Structures are given as structure tokens and as C-alpha cells.
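J.: Quick one: this structure, given as C-alpha cells, is what I'll be asking you about.
Numbering (my numbering), first residue to last: 159 to 452.
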């Protein structure tokens, strides 16, 4: 029982990171109706840059800041190079291939200049050896901190979307971009800010994951992207709290199955959950079916 609870707590922590990644996908989907499949490589860029800079003697807070800014800048470039040209062609799905290619390009550049080997990631907040007694069960303090931090970021973003001018503009763009443009809203600025924020949050998610794993390598981001994408679909694509629910469900399932069977089995079961949800409730657990105007 203790082992199961420990796995469940770890799953909630990892799942909250999946939810954070899913939310970053929502940000770009709201403003451009696209999904950036290079997001995994972009969050890897942040963590690799942070790890290499910290290893060179740069203070961890400064290394992390530089890494987050780099991922935000990379997302802006991805929008300009991959998404914007495809958006000019009605009904084009070219952005799917181009964003994936952009991610592969980033992974190749990082492999060439920062190396293919795994790099040790420094402790950002707490040491991995620190534990907390929770109802008589020893839980890694890092798991609790990562879980609380991820939830805080998601909640703050949701509040910003609901109650700030920028958030209301994003909602308007998501609902009816053509009408929003007619009212004189600077669409390009809204899109660029959304992509930059998405990149910065992806960088934060990468740092949180590397904090738990302890190492990072150029292939580190792809599996995180898949898990975040699965979480967003399971919870209801485009919905932040659905992303949170989907992330927690997937995280707990992966950790419990992985602990009792194998890590590979954990990933397989999460994909099985995705197929079941798509078969029973295609709009996701908290999603709503959308009416499309003919």
C-alpha cells in the first residue's frame, strides 16, 4: 500500500508537468488553431542550455532565466517560419510537418554543439535526497514542490485568461478571429505574445522535469511532448482544467503501471487510455462538442 501511494504521489507530480505542457499547446491552439509539434525540442533546448550554463559556473537562477528566454525566442521563430506561412493557405496542414521539422532541426543543432550525451541537471529548489513524511510515508520533497509549482502556474495562466485584457483578447481570437480582426485587434501581436509565453512555459516544464529525472539529453523532449499531447486530448483539447485532469490521470497511470510492471508498459497503458477516451468521449473528459458553421 505504501509503495502504491508513493507511486501515486510521483504520478501526480509528473502528471502536473504533462498538464503544464498541454496548457502550452492550448496557448498556440487558441490563437492560430495549430499545434506546435516542435514543442518538445524547444523545452529540451531550455533544459540543455540551463544545464550546460550551470555546469560552466553560471548561477542556476541566471542559467534558468537564459534557458527560458531561449525557448520563448525559439517559439516566436517557429511561429514566424512554420505557422505563419501555412496559415496563409486556407485549410493547409503544412504547419504540422513544418513544426515537427523545426523541432528535429533544434534537436540536431543541440546535439552538434552541446553533445549527444546526457548532462547532469543541477538542483534548482531542493536536493533529491530530501524527503517529507506524509501520513507516515516518506515522499520526495521535489515531487511535492514540482506539483505545487505546476498547479500554481496553470492557475495563474487561467486567471490571466479570464480576467486580463490580453486574456479576453485571446478568448475573442479563439472564438472568432475574423470578427476580432475587424474590430482592429492587433492579431500579430497577440499571436506572437501567445507563442512566446507558450515557449517560456514549456521551458519551465522542461526544467521541472529535469529536476526530477536528474539528467537531460537532446532526445529528452519528444516523449514529454507526446505525454502532454495525450493529456490535452484526454482532458479536452483547448481547456486548461481538462489538461490538468488529463495530465494527472496519465501521470498516475504511468507511474503505477511502471512501478508494478515496467516503464514501457506505463507508456503503453496511457496510450490505451487515450484510445478508450477517444472511442467513448471524443471531445475529452471535460471538453464539449463544438458546432462548426457550414
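For glycine and all other residues, C-beta sits at the position ideal for the given N, C-alpha and C.
These figures come from a predicted structure and were not determined experimentally.
Could you check where the beta strand (DSSP E) with residue 443 kicks off and where it finishes?
T.: Secondary structure note for residue 443: it is in no beta strand (DSSP E), with a DSSP letter that is neither H nor E.
J.: Check each candidate in 252, 166, 266, 418 and name the one with the smallest Cα separation from residue 380.
T.: 266
J.: Can you tell me whether DSSP reads residue 191 as helix, strand or coil?
T.: When secondary structure is reduced to three states using DSSP, residue 191 falls in the coil class, being assigned neither helix nor strand.
J.: Just reading off the beta strand (DSSP E) that residue 291 is part of, what are its end residues?
T.: Taken as a continuous stretch (DSSP letters only), the beta strand (DSSP E) holding residue 291 covers 289-292.
J.: From which residue to which residue does the alpha helix (DSSP H) around residue 439 run?
T.: Here residue 439 belongs to no alpha helix (DSSP H), and DSSP marks it neither H nor E.
J.: Kindly provide the ranges of any alpha helix (DSSP H) runs that are 4 or more residues long and lie completely inside the segment 301-330, ordered along the chain.
T.: For the segment 301-330, not a single whole alpha helix (DSSP H) run of length 4 or above is found.
J.: Going by Cα to Cα distance, which pick from 358, 222, 311 is closest to residue 147?
T.: This structure does not reach residue 147, given that the chain is present from 159 up to 452, and the question cannot be answered.
J.: Put residue 100 into one of helix, strand or coil per three-state DSSP.
T.: Outside the displayed span of the chain (159 to 452) sits residue 100, for which this structure offers no information.
J.: For a cutoff of 8 angstroms on Cβ pairs, would you count residue 321 as touching chain B?
T.: This model lacks chain B altogether; it includes just one protein chain.
J.: Please classify residue 301 as buried or exposed, where buried requires at least 16 neighbouring CB atoms within 10 angstroms.
T.: buried
J.: Does the distance from the CB of residue 389 to the CB of residue 230 come in under 8 angstroms?
T.: no
J.: Does the structure place the segment 396-403 close enough to the segment 171-191 that three or more beta carbon pairs sit under 8 angstroms?
T.: Look at the beta carbons and you see the segment 171-191 touching the segment 396-403: at least three pairs across the two are nearer than 8 angstroms.
J.: With distances taken between CB atoms, is the gap from residue 282 to residue 222 smaller than 8 angstroms?
T.: yes
J.: How is the alpha helix (DSSP H) around residue 378 delimited, first residue to last?
T.: 378-393
J.: By Cβ distance below 8 angstroms, which residues in the same chain neighbour residue 438 in space, the five residues on each side in sequence not counted?
T.: none
J.: Look up residue 452 in the DSSP assignment and say whether it is helix, strand or coil.
T.: Unreliable placement is indicated for residue 452, whose pLDDT of 48 sits below 50; the coordinate value is still reported in the next sentence. Residue state, collapsed to three classes: coil.
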